[in-house]
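Reading through the structure tokens given below for one structure.
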Amino acid sequence: MNIQEYISSGIIESYVLGLASEEERREFETLCAQYPELLRARTEFEIALEKQALSATEPPPAFVKEKLLNEIRAQGKVISLGNGSMQTNKRWKYIAAASVILLAGSMAWNISMVSKNISLSKNLYKAKENIMDLAAEIGRLQQNPNVKMASLRGMEISPQSTATVYWDTASHDVYLLANNLPAPPSDKQYQLWALLDGKPVDLGMMDFTVRQKKLLVRMKNAANAQAFAITLEKMDRPDPSKPGGDMVVMGKL
Amino acid sequence: MNLNTTYSEQELVASLRQRDEKAFAYLYDHYATALYGVVNTVVPDKETANDVLQNVFVNIWRKFDSYDPAKGRLFTWMMNIARNAAIDEIRSKSYANTRKTQPLPEDHEISGAVTGPRIEDSGLKKVLGKLKEEWRVLVDLSYYQGFTHEEIAKALDLPLGTVKTRIRSALIQLRTLLQ
Numbered sequence: 290m291n292i293q294e295y296i297s298s299g300i301i302e303s304y305v306l307g308l309a310s311e312e313e314r315r316e317f318e319t320l321c322a323q324y325p326e327l328l329r330a331r332t333e334f335e336i337a338l339e340k341q342a343l344s345a346t347e348p349p350p351a352f353v354k355e356k357l358l359n360e361i362r363a364q365g366k367v368i369s370l371g372n373g374s375m376q377t378n379k380r381w382k383y384i385a386a387a388s389v390i391l392l393a394g395s396m397a398w399n400i401s402m403v404s405k406n407i408s409l410s411k412n413l414y415k416a417k418e419n420i421m422d423l424a425a426e427i428g429r430l431q432q433n434p435n436v437k438m439a440s441l442r443g444m445e446i447s448p449q450s451t452a453t454v455y456w457d458t459a460s461h462d463v464y465l466l467a468n469n470l471p472a473p474p475s476d477k478q479y480q481l482w483a484l485l486d487g488k489p490v491d492l493g494m495m496d497f498t499v500r501q502k503k504l505l506v507r508m509k510n511a512a513n514a515q516a517f518a519i520t521l522e523k524m525d526r527p528d529p530s531k532p533g534g535d536m537v538v539m540g541k542l
Numbered sequence: 656m657n658l659n660t661t662y663s664e665q666e667l668v669a670s671l672r673q674r675d676e677k678a679f680a681y682l683y684d685h686y687a688t689a690l691y692g693v694v695n696t697v698v699p700d701k702e703t704a705n706d707v708l709q710n711v712f713v714n715i716w717r718k719f720d721s722y723d724p725a726k727g728r729l730f731t732w733m734m735n736i737a738r739n740a741a742i743d744e745i746r747s748k749s750y751a752n753t754r755k756t757q758p759l760p761e762d763h764e765i766s767g768a769v770t771g772p773r774i775e776d777s778g779l780k781k782v783l784g785k786l787k788e789e790w791r792v793l794v795d796l797s798y799y800q801g802f803t804h805e806e807i808a809k810a811l812d813l814p815l816g817t818v819k820t821r822i823r824s825a826l827i828q829l830r831t832l833l834q
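Line by line, the protein sequences give chains S and F. Quick note: the first sequence uses my numbering, first residue 290, plus one each step. Quick note: the second sequence uses my numbering, first residue 656, plus one each step.
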């Protein structure tokens with residue numbers, strides 16, 4: 290094994306931060322016992338992390354310490370094992386909800402990006418509110434039997450890009466979820482199209498500044514569609530009802 | 656042992672194994688602010704964060720025998736307890752209920768943070784803020800929200816390989832930023 294390569298692979302950081310899988314942890318621990326340089330690199334990262342964490346400046350209120358000391362005194366010094374462990378894995382209950390909340394997670398970041406002037410706690414608070422709203426919104430769409438979903442995948446010019454379209458076949462409402470679209474150049478914008486027998490129908494431009502705040506955007510209604518696509522279009526082109534630019538993502542219903 | 660005792664990490668660990676309350680008070684004084692920073696990043700509501708921090712230290716005290724120095728430094732172990740407890744909290748039912756009944760703080764209450772220190776300028780959060788944006792989202796989801804790579808890939812509709820690569824790159828950059 291090339292230990293230097295292993296050291297710089299990111300495994301030290303995942304292990305220390307508690308992000309490594311069970312298997313990765315076991316391997317890491319075995320190797321740590323074999324390679325002193327790995328152990329050294331781990332300790333260095335731990336110390337750096339600890340130093341940074343210790344530079345935090347906001348102390349908890351004084352009463353927390355008081356309550357804490359009272360609590361451990363009340364419990365006495367003999368503690369039975371397995372009592373009150375907080376490692377209980379509640380995760381299984383949340384897996385169903387996780388995917389929805391996750392989508393919103395990236396929105397939380399977008400929000401905290403646009404409102405740098407407000408304090409972080411406020412940002413996160415707001416973001417969490419919005420996450421619940423978005424989660425509820427997407428949940429409603431996914432539960433509605435009339436709503437069809439299309440996963441739009443990246444074309445050659447932008448293979449990483451993805452987006453999701455929710456189309457209500459009864460009300461004809463169209464919602465666009467911009468999962469992963471890079472910011473367009475300043476003179477260009479994204480435009481959504483419904484495709485029917487290969488013909489594009491304009492469903493509206495996507496205001497990227499809006500997307501920064503809102504991940505799920507309502508677009509123009511579509512009476513019928515077989516697929517959806519997003520193109521990257523020049524801002525002031527003569528006929529915006531026809532696509533002129535490159536297709537970025539596309540997906541069938 | 657007088658009130659001004661300072662401990663090396665080894666001494667601290669040895670004293671805590673003996674259930675030495677003074678050592679525990681020292682541990683709290685030394686690390687509570689750092690761990691509060693970790694908890695606060697996940698749980699923005701201050702009252703809840705206070706409760707979580709208290710539980711974190713109760714658990715550090717109770718489960719101290721399970722700390723194994725061969726697997727990492729004391730702080731690393733405590734930080735992971737703090738992070739797990741905070742994530743458990745935001746995923747709990749009671750947290751969702753508390754959140755509903757509390758009004759949004761007013762702008763002027765927190766934005767004029769001239770009078771107090773600002774969290775975003777200190778601790779780990781400061782370093783995290785320096786990461787590339789596309790990475791930061793993933794670090795936030797995996798580290799601060801506790802989602803697995805698979806869950807993130809599924810929810811963001813990204814290939815699992817991309818998620819893994821980006822998180823790895825972000826973590827490597829994190830190490831550089833810490834140095």
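The beta carbon of each residue, even a glycine, is placed where N, CA and C say it ideally should be.
| Query | Result |
| --- | --- |
| What are the residues in the stretch 815–830 of chain F lying within 8 Å of chain S by C-beta distance? | Thr817, Ile822, Arg823, Ser824, Leu826, Ile827, Leu829, Arg830 |
| Using a Cβ-Cβ distance under 9 Å, would Glu666 (chain F) count as near chain S? | no |
| Within the stretch 476–537 of chain S, note down every full alpha helix (DSSP H) run reaching 4 residues or more, in order along the chain. | 497–502 |
| For a test of the three-state rule: what should DSSP assign to Tyr722 (chain F), helix, strand or coil? | coil |
| Taking its Cβ as the centre, do 16 or more other Cβ atoms sit within 10 Å of Ile301 (chain S), making it buried, or is it exposed? | buried |
| Going by alpha carbons, who is nearest to Arg429 (chain S) out of S:Val537, S:Tyr464, S:Pro489, S:Asp486? | S:Tyr464 |
| So that I know if they touch, is there some Cβ in chain F lying closer than 9 Å to that of Met495 (chain S)? | no |
| So is Ile292 (chain S) in contact with chain F if we call contact Cβ pairs under 9 Å? | no |
| Would you say Thr731 (chain F) faces chain S, with C-beta separation under 9 Å as the test? | yes |
| Could you pull the start and end residues of the beta strand (DSSP E) that Val464 (chain S) belongs to? | The sequence given here places Tyr at residue 464 (chain S); Val does not occur at that position. Looking at the DSSP string, the run of the beta strand (DSSP E) that includes Tyr464 (chain S) is 463–469. |
| Please confirm whether Met536 (chain S) has its beta-carbon closer than 9 Å to some beta-carbon of chain F. | no |
| Verify whether the separation of the beta carbon atoms of Ile715 (chain F) and Leu667 (chain F) is less than 9 Å. | no |
| Unbroken beta strand (DSSP E) runs of length 3 or more, entirely within the stretch 294–377 of chain S: which are they? | none |
| Taking Pro434 (chain S) as the reference, which of S:Met495, S:Lys509, S:Tyr455, S:Val538 has the closest Cα? | S:Tyr455 |
| Give the range of the beta strand (DSSP E) segment to which Ser440 (chain S) is assigned. | 436–443 |
| Give every residue of the same chain whose Cβ lies closer than 7 Å to the Cβ of Val305 (chain S), excluding the five residues on either side of it in the sequence, and list them in chain order. | Arg331, Phe334, Glu335, Leu338 |
| Contact check, Ser447 (chain S) vs Pro471 (chain S) under 8 Å by CB: the rounded distance? | 7 Å |
| Is there at least one Cβ from chain F nearer than 9 Å to Ser395 (chain S)'s Cβ? | For Ser395 (chain S), the predicted structure reports a pLDDT of 47, less than 50, and the residue's modelled location is therefore unreliable. A value from the coordinates is still provided. Cβ-Cβ to chain F under 9 Å: yes for Ser395 (chain S). |
| Between Lys785 (chain F) and the rest of its own chain, which residues show a CB-CB distance below 8 Å, the 5 nearest in sequence each way excluded? | Leu832 |
| Can you find a C-beta in chain S that's less than 9 Å from the C-beta of Tyr798 (chain F)? | yes |
| Check the DSSP bridge columns for Met539 (chain S) and list the partner residues they point to. | S:Arg442, S:Ala518 |
| Assign Asp700 (chain F) to one of two classes, buried (16 or more other C-beta atoms within 10 Å of its C-beta) or exposed (fewer than that). | buried |
| Contact criterion: CB-CB distance below 9 Å. Does Pro349 (chain S) meet it with respect to chain F? | yes |
| Find the residues of chain B that neighbour Phe517 (chain S), judging by a C-beta separation of less than 8 Å, and give them in chain order. | The question asks about chain B, but that chain is absent: this structure's protein chains are S and F. |
| For Ala825 (chain F), which three-state DSSP category applies? | helix |
| For Val454 (chain S), report the span of its alpha helix (DSSP H) as first-last. | Premise fails: Val454 (chain S) lies in the beta strand (DSSP E), 451–457, not in any alpha helix (DSSP H). |
| Would you mind telling me which residues of chain S sit closer than 9 Å to Arg738 (chain F), beta carbon to beta carbon, in chain order? | Leu306, Gly307 |
| If you follow the alpha helix (DSSP H) that Ser670 (chain F) is in, where does it begin and where does it stop? | 664–672 |
| Considering Arg908 (chain F), what are the terminal residues of the alpha helix (DSSP H) in which it resides? | This structure does not reach residue 908 (chain F), given that chain F is present from 656 up to 834, and the question cannot be answered. |
| Any beta carbon from chain F within less than 9 Å of Gly428 (chain S)'s own beta carbon? | no |
| Show which residues of chain S have a CB atom less than 8 Å away from the CB atom of Thr688 (chain F). | Leu343, Ala345, Thr346, Glu347, Pro348, Pro349 |
| Give me the residue from S:Thr319, S:Leu505, S:Leu308 with the minimum Cα distance to Ile292 (chain S). | S:Thr319 |
| Just verifying my parser: in three-state terms, what is the DSSP assignment at Pro760 (chain F)? | Note that Pro760 (chain F) scores a pLDDT of 38, beneath 50, so its modelled location is shaky and nothing firm can be said. |
| Quick one, are the C-beta atoms of Asn513 (chain S) and Leu485 (chain S) less than 9 Å apart? | yes |
| Between Val694 (chain F) and Val713 (chain F), which are expected to be in contact by the criterion C-beta below 8 Å, what is the C-beta distance as a whole number of angstroms? | With 8 Å as the limit, Val694 (chain F) and Val713 (chain F) do not qualify as a contact, their Cβ atoms being about 13 Å apart. |
| Quick check on Asp776 (chain F) - is its C-beta less than 9 Å from some C-beta in chain S? | With a pLDDT of only 48 at Asp776 (chain F), under the threshold of 50, the placement of this residue in the model should not be trusted; the figure read from the coordinates follows. Yes, Asp776 (chain F) lies at the interface with chain S (some Cβ there is under 9 Å from its Cβ). |
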